[in-house]
Amino acid sequence: MIFKKIKTKIIVRLKKITENLPEPVSKLLVYIPFSWRLGKTYTKSQKKINKFNLLNTKSQKEIIYKKTKKIVTYAYKNNKFYNKFYNKNNFEIDKLKSFEDIKYIPIVTKSDLQKYALEVRSNEQPGRIKINSGGTSGKPLVFYVDNNSFAREWAHMHTIWKKLGYKKTDLKLTFRGKNLGSKSIKYNAVHNEYIVNTYKSLEEIKSDLLNILSKKNIKYIHGYPSEIYNFANFCLKNKSLVDKLKESLQGIFFGSEYPPPIYRDLIEDVFEAPTISWYGHSEMAILAYEKSDKYIYEPMQTYGYCESVKDENGKFHLVGTSYYNTASPFIRYDTEDIIEPVLEDNGILKKFEIETGRIGNFISDKYENKISLTALIFGRHHKIFEYVKFVQIYQDKPGKATIIISLDKEQRINKSKIKEDMDLTNVDIDFEIILRNDPIKTESGKVPLRIYNI
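When we follow the numbering used here, the leftmost residue of the sequence shown carries the number 1368, and every step to the right adds one.
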């Protein structure tokens, strides 16, 4: 256990050191295989993906059942929250005897988990990593993932990217809401990419972009659809940028946001390159991607068990189970995303469409530069996510915005504390804080991140 904790700390430290090495030195890392960097979990995961896809449905169901039964049994015996939750809902794990019995496992929601302290719903695990999730609903949740989670994640992500011909030595241009301070662009050898500072205007960094595009062969663009859309719009007026990109560009990866057709169409028209989108979330229970058709997502059942569950109103919820996270288990976890099942094969969800997508929103700074809310709110991992219920944003004119924070009634936290615990640097917007007990909801009961009326 002590060795695993030390190993995790070393890996995190090495990652930070690598990200700050001089570019010529750090580029040597590109040629070190991910199987060496991330270890045997990465290699095993890739083998499992390939093997699972060759199996018939009966064999796939047996694997899903065994993995689900294992995590359910572990959680009931070792996790205070799940033990209490299953007893309260009269669920007996001994009756979980086949794939068909999975539907009897009680569904857990984010609200269920938030009622309990982090350590009550978590287990001590060597090298566990603490992270938070807000989702586009603005509803935060703090939890742990196991120390092999990112190795499994990248094994699956690289499988997705291969659809567009990606190789790990290919160079990317990335727009993912990174705050680089005074720097316009920074090279990251870990993923062989040039990261664009999306908190600076594109006009400011245009010359730096041109300099890189003139010297390097960028093969892929990667990032939030809203940020890539913003860049595509800018390129319409700056033909020199897009002309350089087209010389080597092979594809575009959309991450963290659902790509609205209006964004996607413009991006594909401007860059004349194929795009791919996937569904994922911070809780790491579900990963699905556009394997064959746009907006039709196919779950990777080796990542976690993905299912659609119909509610009392006839809506289908996307529900996921993480097979491996024993640090903070997510078992039949309701993502609160509404989908439309497209194809099921003998009980296994094979394809779905997202009915309520996570569409990125913008607000504007004093100079009318667009700021992605996904980047601003969820790209910076603010400390407030450890104690607030909801975060929402209202803006009625550029340069001014209201951050609406929802707290429990018994919480006594002032506005100055909220501001201290939020990273709002390098954003030319005057922020006002409003504290509430309950969030602002839509007519359908959703809690949107961007608010248009207060």
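Just so it is clear, CB atoms sit at the ideal spot from N, CA and C, and this is done for glycine as well.
| Asked | Found |
| --- | --- |
| Taking its Cβ as the centre, do 16 or more other Cβ atoms sit within 10 Å of R1779, making it buried, or is it exposed? | exposed |
| How do the segment 1767–1775 and the segment 1791–1801 stand: do at least 3 beta-carbon pairs fall below 8 angstroms, yes or no? | yes |
| Does the distance from the CB of N1692 to the CB of V1512 come in under 8 angstroms? | yes |
| Considering Cα atoms alone, identify which of G1622, K1613, I1818 is closest to S1649. | G1622 |
| Should P1696 go down as buried or exposed, given a rule of 16 or more other Cβ atoms within 10 Å for buried? | buried |
| Answer with buried or exposed for E1560, where buried requires no fewer than 16 other C-beta atoms within 10 angstroms of its C-beta. | buried |
| Quick one: Cα of K1451 to Cα of D1788, how far? | 33 angstroms |
| From the DSSP output, read off the bridge partner residues of Y1700. | V1475, G1687 |
| Just how far apart, CA to CA, sit F1729 and L1740? | 6 angstroms |
| Given that a residue counts as buried once 16 or more other Cβ atoms are within 10 Å of its Cβ, and exposed if not, what is G1502? | Note that G1502 scores a pLDDT of 47, beneath 50, so its modelled location is shaky; the value from the coordinates is reported in the next line. By the neighbour-count rule (16 or more Cβ atoms within 10 Å), G1502 is buried. |
| Kindly list the residues whose CB is nearer than 6 angstroms to the CB of G1812, restricted to its own chain and excluding five residues on each side of it in sequence; keep chain order. | Low confidence applies to G1812: its pLDDT is 47, below 50, so where it sits in the model is not reliable, and the reading given next is rough at best. Excluding positions up to five away in sequence, the list is empty. |
| Name the two residues that bound the continuous beta strand (DSSP E) containing I1563. | According to the sequence shown, residue 1563 is Val rather than Ile. Its beta strand (DSSP E) spans residues 1560–1564. |
| Looking only at C-alpha atoms, which of V1609, E1429, K1482 sits nearest to P1507? | K1482 |
| Going by DSSP, what residue range makes up the beta strand (DSSP E) through N1555? | 1552–1555 |
| To the nearest angstrom, how far is it from the Cα of K1733 to the Cα of V1794? | 9 angstroms |
| Please report how far the alpha carbon of L1422 lies from the alpha carbon of I1430, in whole angstroms. | 10 angstroms |
| How big is the Cα-Cα spacing for G1532 and M1524? | 13 angstroms |
| Can you tell me where the alpha helix (DSSP H) with I1527 in it begins and where it stops? | 1516–1528 |
| Could you have a look at N1804 and say whether DSSP puts it in helix, strand or coil? | coil |
| How would you call G1727, buried or exposed, if buried means at least 16 neighbouring beta carbons within 10 angstroms? | In this prediction, G1727 scores a pLDDT of 45, lower than 50, which makes its location untrustworthy; the coordinate-derived value is nonetheless stated afterwards. Its Cβ being crowded by 16 or more others within 10 Å, G1727 is buried. |
| Taking the alpha carbon of M1667 as the point to measure from, which residue in G1406, S1551, K1682, W1645 has its own alpha carbon closest? | W1645 |
| Could you please give the first and the last residue of the uninterrupted alpha helix (DSSP H) stretch that includes V1574? | For the sequence presented, residue 1574 should be read as Ser rather than Val. From DSSP, the alpha helix (DSSP H) with S1574 extends over 1569–1582. |
| Starting from the C-beta of I1821, find all residues in its chain whose C-beta is less than 6 angstroms away, skip the five residues before and the five after it, and write them out in chain order. | Y1761 |
| Which ranges does the beta strand (DSSP E) cover as unbroken runs of at least 3 residues, wholly within the segment 1718–1788, from first to last along the chain? | 1729–1731, 1737–1739, 1757–1764, 1767–1773 |
| How close, in whole Å, do the beta carbons of K1535 and F1401 come, if the pair is a contact with beta carbons under 8 angstroms? | 6 angstroms |
| Can you give the Cα-Cα distance for T1792 and R1488, rounded to whole angstroms? | 33 angstroms |
| Short of 8 angstroms in beta carbon distance, which residues of its chain neighbour S1412, apart from the five on each side in sequence? Order them along the chain. | A1518, R1519, A1522, H1523, T1669 |
| I need the boundaries of the beta strand (DSSP E) containing I1438, first residue and last residue. | Run containing I1438: none in the beta strand (DSSP E); it sits in the alpha helix (DSSP H), 1424–1445. |
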